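Numbering-wise (UniProt numbering), the sequence shown opens with residue 1 and increments by one.
Notes to accompany the following structure.
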Amino acid sequence: MEHLFELYQKLLRGTSLDFQRSLIHTIQWNNRLIGITGARGVGKTTLVLQYLKKEFESSGNTALFASLDHIWFSTHSVLDLADQFSKVGGKVLVLDEVHKYPAWSRELKNIYDFYPELKVIFTGSSLLEILNSGADLSRRALMYPLNGMSFREYVNLETGKTLPVFSLEEIINQHQELSNDLISQFKPFQYFGNYLKHGYYPFSREFGELYDQQLRAIVNLILEVELPQLRKFDLGYVPKIKQLLSIIADSVPFIPNVTKLSQKIGINRTTLLSYFHYLHESKLTSNLYQSNDGISLLQKPEKLYLENTNLAFALGRNVDIGNLRETFFLNQVGYHHRLTLPETGDFLIDNKWNIEVGGMGKDLPKTEKANHYVAADGIETGFNTKIPLWLFGFLY
Numbered sequence: 001m002e003h004l005f006e007l008y009q010k011l012l013r014g015t016s017l018d019f020q021r022s023l024i025h026t027i028q029w030n031n032r033l034i035g036i037t038g039a040r041g042v043g044k045t046t047l048v049l050q051y052l053k054k055e056f057e058s059s060g061n062t063a064l065f066a067s068l069d070h071i072w073f074s075t076h077s078v079l080d081l082a083d084q085f086s087k088v089g090g091k092v093l094v095l096d097e098v099h100k101y102p103a104w105s106r107e108l109k110n111i112y113d114f115y116p117e118l119k120v121i122f123t124g125s126s127l128l129e130i131l132n133s134g135a136d137l138s139r140r141a142l143m144y145p146l147n148g149m150s151f152r153e154y155v156n157l158e159t160g161k162t163l164p165v166f167s168l169e170e171i172i173n174q175h176q177e178l179s180n181d182l183i184s185q186f187k188p189f190q191y192f193g194n195y196l197k198h199g200y201y202p203f204s205r206e207f208g209e210l211y212d213q214q215l216r217a218i219v220n221l222i223l224e225v226e227l228p229q230l231r232k233f234d235l236g237y238v239p240k241i242k243q244l245l246s247i248i249a250d251s252v253p254f255i256p257n258v259t260k261l262s263q264k265i266g267i268n269r270t271t272l273l274s275y276f277h278y279l280h281e282s283k284l285t286s287n288l289y290q291s292n293d294g295i296s297l298l299q300k301p302e303k304l305y306l307e308n309t310n311l312a313f314a315l316g317r318n319v320d321i322g323n324l325r326e327t328f329f330l331n332q333v334g335y336h337h338r339l340t341l342p343e344t345g346d347f348l349i350d351n352k353w354n355i356e357v358g359g360m361g362k363d364l365p366k367t368e369k370a371n372h373y374v375a376a377d378g379i380e381t382g383f384n385t386k387i388p389l390w391l392f393g394f395l396y
């Protein structure tokens, strides 16, 4: 265990507090069991290390961070670690990458039940199943999903500002006032195009020109390691799924014809439908349905998008601008809201607001009813029912 403490201190020394994700201020850190899930690369590890540095850097050995893919766990269990840590006065145990440890849910339940003096924080893949795991942790763990950076967070990172979060109601009802205040502090289109290409994942600065290559490596790891491990994904289909992701990136946007698609890429219909679901769970794609009630594994989505716009540039060849706009909107708004496909328009939010997404010339038909709006790209400020698309990047 001494070696784990040494590694933890080394990681803590290398952790900067200069930029912090908004979720760090939302999590109820006093809870005894906290889970943070998200796609690979969105910053889960950095977030928990920042929390530890802020709260426990000068508290001796009362906190410990350990990644469960470390070789130490080939000869020791998580329960062993919790027992030893508790005996030396440990209070907060952070377990990173729990999905890489086969018995993670059962041992976390045992720690929760038998070591009440310990607070446990764990991170894992977006594919992590708390409810259907070997030991049901749903009644014990407080779970938080972490998205990639919002447009607001990206601007804060680039400028050093602390621009505020707005609710959806504020954006819809006060968008002129909000956008006028924001553009007095920064120029949205100085950053928006760069955000769409390389602003979603926090490691963009670290990799620079190799960013797209790193994104493709992450996609490969999800398809070749996480999905086979956590969803019994057939490795033989990986080249076909990569082909599918490239098609989605270049589409306007992609409306799946499952029969034709299964013939084209050589995957039978039932398997393809289940893989649509798994890709959505893994945060590689976003599936849009007419209703989110009772979605089954084999239900066909009405539209398929990549999960974020950065993936489109990394995986596509001729990225469609209309697809990018809708992908941005779905990604930013869908983090905290329920989006479905309406009879007319592009998105229905929480069964209340109907949104058309388009360019600066986009307007609503004169026959449209109340609660119908346009999210328009290319405008700094809006008017009446036309709202700047970039402003929807300030929801988290």
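All C-beta atoms in this analysis are idealised placements derived from N, C-alpha and C, irrespective of residue type, glycine included.
Bear in mind that the values here come from a model prediction, so they are computed numbers and not experimental data.
Query	Result
Contact set for R13: own chain, Cβ-Cβ below 7 Å, skip 5 residues either direction	none
Environment of L297 [buried if 16+ CB atoms lie within 10 Å]	exposed
First and last residue of the uninterrupted alpha helix (DSSP H) at I111	104–114
Rounded straight-line distance, which links the Cα of L395 to that of S167	6 Å
For M143, the residue or residues it bridges with in DSSP	G35
DSSP-derived helix/strand/coil call for S138	coil
Sequence-distant residues of its chain with Cβ nearer than 8 Å to Q28 (five each side left out)	I34, L142
Ordered list of beta strand (DSSP E) runs contained in the segment 321–375, each at least 3 residues	347–349, 353–358
Residues bridged to V120 (per DSSP)	L33, L93
Per DSSP, the bridge partner or partners of N287	L304
Backbone CA spacing between V258 and H372 [nearest angstrom]	31 Å
Same chain only: Cβ atoms within 7 Å of S77, ignoring 5 sequence neighbours per side	E107
8 Å Cβ cutoff met for D113 and S67	no
Best match in L118, F203, L182, P145 for proximity to L157 [C-alpha to C-alpha]	F203
Alpha-carbon spacing of T62 relative to H198, whole angstroms	38 Å
Cross-strand partners of F383 (DSSP beta bridge)	K386
Beta-carbon spacing of L146, L52 below 8 Å	no
Three-state class that DSSP yields for residue 429 in the structure shown	Limits of the chain in this structure are 1 at one end and 396 at the other, which puts residue 429 out of reach.
Span separating the alpha-carbon of I24 from that of D363	38 Å
Beta-ladder partner(s) of L64, from DSSP	L93
Simplified DSSP assignment, three categories, for F19	coil
Neighbourhood of L163 by C-beta distance below 8 Å, restricted to the same chain and skipping five residues each side	R152, V155, N156, L182, Q185, F186, F394
Completely contained alpha helix (DSSP H) runs for the segment 139–217, where each covers 4 or more residues	151–159, 168–183, 188–198, 204–207
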